[in-house]
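This report concerns only the one structure given below.
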């Protein structure tokens, strides 16, 4: 499949997503950044560059399913990995915005079974990775073959009695924290985490093919499978023992649906502006030091201008979303291979667009 052909597919598909946009394939200066994804019989990538509400550039590469030779399209759903965290954070903020919980509530007050040694941990600490909670992946036995679920993360944490540091004193990225937040959403809403996301985020935004995937319960339309390179080519390495944990990385989505998510973040459709401002503000440690992470977003400040990003890396997938809201620019890159650095590519694209060096 040629690049010209897949770019045409992409442009047609995305017209339904942003009808006012004149969509073009990636110009050579950007297209060249994806040469490793454009070869024959390779896992692929889906790329979208959004400017001022319109899809400015878009292109797709490679295959979503090598075995069946199914090419990537703009509707292909990739496992987002840690890009999921911004949706988990939004779910918690929706509940807070509706008065169902407080971001300063202690975890133990809203989640039954919270171990006593986590008595000082608040929801805000979980959201901005300052809880000090041990990462559950380090607690999984080497012999484990059955996939871990969010509730199993709590069980693993019940078997130990200490944290990396006292809550709020330091920053340390924590997958455990976001698995626990998914359980908080379930407890407070009395819905499964996947159901809450569908009813309160995906459906209202028209993200109709996005799903928090649960084996045997839901399915993934237009699914990309993950691959890793070996001496003999690419091997399907789609699932791991941690792939069923939803809160930290279990959502599948496409560039088409993520366009809708990106645009919603400019509005108060999901939560009030004041609540969203908290998500996009740096965390503050107990001593007043600011971190570079909000609620589900890494934050970069350059001469008073903030940009936001998150990458996602798991077995067979690497992804990135980079937002410059003050410039109305977003770059989304989804890939189904266990290599590459999409966030660095996204930064290069943003730099080219912002400095009008796209040729």
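In this note's numbering, the protein residues as written are 85 to 443.
Think of the CB as a built atom: it goes at the ideal place given N, C-alpha and C, for glycine as much as any other residue.
This structure is a prediction, so every number in the text was calculated from the model and none was measured.
CB contact flag (residue i, residue j, <9 Å)
i	j	result
residue 260	residue 232	no
residue 161	residue 310	no
residue 181	residue 359	yes
residue 122	residue 333	no
residue 398	residue 336	no
residue 143	residue 109	yes
residue 414	residue 371	no
residue 348	residue 418	no
residue 194	residue 272	yes
residue 258	residue 210	yes
residue 318	residue 126	yes
residue 128	residue 155	yes
residue 168	residue 400	no
residue 350	residue 139	no
residue 120	residue 424	yes
residue 241	residue 202	yes
residue 313	residue 296	no
residue 113	residue 411	no
Span of the alpha helix (DSSP H), counted from its first residue to its last, around residue i
i	result
residue 343	339-348
residue 408	Unbroken run through residue 408 is the beta strand (DSSP E), 401-408; no alpha helix (DSSP H).
residue 141	Looking at the DSSP string, residue 141 is not in any alpha helix (DSSP H); the run it does join, the beta strand (DSSP E), is 138-145.
residue 437	426-438
residue 260	259-273
residue 209	207-211
residue 170	169-181
residue 254	Unbroken run through residue 254: none, as it is neither H nor E.
residue 235	234-241
residue 114	112-115
residue 153	Taken as a continuous stretch (DSSP letters only), residue 153 belongs to no alpha helix (DSSP H), as it is neither H nor E.
residue 281	277-281
8 Å contact criterion, which residue i and residue j should meet: CB distance rounded
i	j	result
residue 263	residue 304	Not a contact, Cβ separation roughly 20 Å.
residue 339	residue 132	4 Å
residue 214	residue 251	7 Å
residue 302	residue 266	Contact doesn't hold; Cβ gap of about 15 Å is too wide.
residue 426	residue 395	7 Å
residue 433	residue 117	7 Å
residue 357	residue 381	Going by Cβ atoms, the distance from residue 357 to residue 381 rounds to 16 Å, so no, they are not a contact pair.
residue 280	residue 269	5 Å
residue 409	residue 353	Not confirmed; about 15 Å, so no contact.
residue 216	residue 247	4 Å
Bounding residues of the beta strand (DSSP E) (the contiguous stretch that carries residue i)
i	result
residue 417	413-419
residue 192	Taken as a continuous stretch (DSSP letters only), residue 192 belongs to no beta strand (DSSP E), being part of the alpha helix (DSSP H) at 191-194.
residue 130	129-135
Min CB distance residue i to chain D below 9 Å
i	result
residue 292	Included in the structure is just one protein chain, with no chain D present.
Any non-hydrogen atom of the ligand SAH closer than 8 Å to residue i Cβ
i	result
residue 219	This structure lacks the ligand SAH; in fact it carries no ligand of any kind.
Only counting runs of 3 or more residues, tell me where the beta strand (DSSP E) segments fall wholly within the region 350-391, in order along the chain. 382-386
At 3 residues or longer, what runs of the beta strand (DSSP E) sit wholly inside the region 294-344? 311-314, 317-320 and 335-337
Is the region 148-155 in contact with the region 369-387, if contact means three or more CB pairs nearer than 8 Å? no
Say whether the region 176-195 touches the region 218-226, bearing in mind that this needs 3 or more beta-carbon pairs closer than 8 Å, one atom from each stretch. no
Below 8 Å, can you find three or more Cβ-Cβ pairs linking the region 311-326 to the region 239-255? no
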